[in-house]
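The structure appears below as structure tokens.
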Amino acid sequence: TCDFDTVSWAELKQWLSERRYARLSLAVTGRYVYDVMVYLWPLYLFFLFGTVERVGFVATMALFLALVVTVFATVKLDSLKSRAPFKISGISIALSWFLRTQVFTFWSAALVDALDKISGNYHWLYFDVTLFKRSKGSQAHSFFVYHELLLSVVMAITWLLVMLALVLTGSWQLLFVITGIGVLLTLLVKEK
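The opening residue of the sequence shown carries number 541 in the numbering used here; numbering runs sequentially from there.
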């Protein structure tokens with residue numbers, strides 16, 4: 541059967557007034573804030589360490605540590621059928637961003653980056669699966685149109701705020717704290 545789904549400003553306004561969709565929008569906003577800072581983290585490390593080689597070595601060490609832990613942890617976590625791994629991994633990622641405010645050495649950078657990567661292997665998979673489950677049904681077209689529209693607005697606002705924060709305060713630590721809060725917002729996502 542063919543589903544007919546129309547997109548309109550009135551429907552978007554109605555969706556935004558629904559608590560469940562507003563929570564989903566906040567979760568997606570938190571995810572995008574995280575994504576922006578993942579791109580800027582190597583730039584911060586370059587400013588901190590001064591060479592591309594050291595930044596690459598930090599990334600390599602973090603990936604290696606994440607790989608080792610993920611191999612062993614996946615067996616245990618795969619058998620769980622609850623939201624607990626999602627919540628724990630989200631809190632761990634947020635903690636890694638809060639800890640980045642105290643990163644001044646090579647090993648501290650590698651450890652917080654590894655914590656982020658390890659937790660991200662579980663958190664973002666669950667987040668994306670939940671997002672796709674929410675998109676099923678006769679309103680799938682509307683869901684993706686509104687999602688992309690809102691994501692575009694969030695992108696513009698996030699990049700503007702990042703530039704303002706860096707220009708006005710020069711504080712990377714402020715951005716790290718905001719990112720940690722953004723990750724905590726992703727915990728709002730629900731399947732229904």
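For each residue, glycine too, the CB sits at the ideal point set by N, CA and C.
Remark: fewer than three beta-carbon pairs, one from each stretch, lie closer than 8 angstroms, so the stretch 641 to 648 and the stretch 725 to 732 are not flagged as touching. Straight-line spacing of the CA atoms in Ala634 and Asp653 works out to 12 angstroms.
Residue burial annotation: Ile697 is exposed, with fewer than 16 other C-beta atoms found within 10 angstroms of its C-beta.
Here Leu708 is exposed. Its C-beta has fewer than 16 other C-beta atoms within 10 Å. Cα atoms of Val717 and Trp637: separation of roughly 6 angstroms, rounded to the nearest angstrom. Straight across, the Cα-Cα distance linking Val595 with Lys553 is about 44 angstroms.
Listed in chain order, the alpha helix (DSSP H) elements of length 4 or more contained wholly in the stretch 635 to 711 are 646 to 674, 680 to 708. Fewer than three pairs of CB atoms, one per stretch, sit closer than 8 angstroms, so the stretch 599 to 618 makes no contact with the stretch 683 to 691.
Per the coordinates, the alpha-carbon of Tyr579 lies some 18 angstroms from the alpha-carbon of His663. A straight-line Cα-Cα distance of about 32 angstroms links Leu665 and Thr591.
Burial check for Lys673: the Cβ neighbour count within 10 Å stays below 16, so the residue is exposed. Under the criterion of beta carbons closer than 8 angstroms, Tyr561 and Trp712 do not qualify as touching, at roughly 33 angstroms.
Where Lys553 is concerned, the enclosing alpha helix (DSSP H) starts and stops at 549 to 557. Gly720 and Leu607 have their alpha carbons spaced roughly 23 angstroms apart. Distance from the CA of Asp656 to the CA of Pro625, rounded to the nearest whole angstrom, comes to 14 angstroms.
Rounded to the nearest angstrom, the gap between the Cα atoms of Lys676 and Trp549 is 21 angstroms. DSSP places Arg594 in the helix class (H, G or I) of the three-state scheme.
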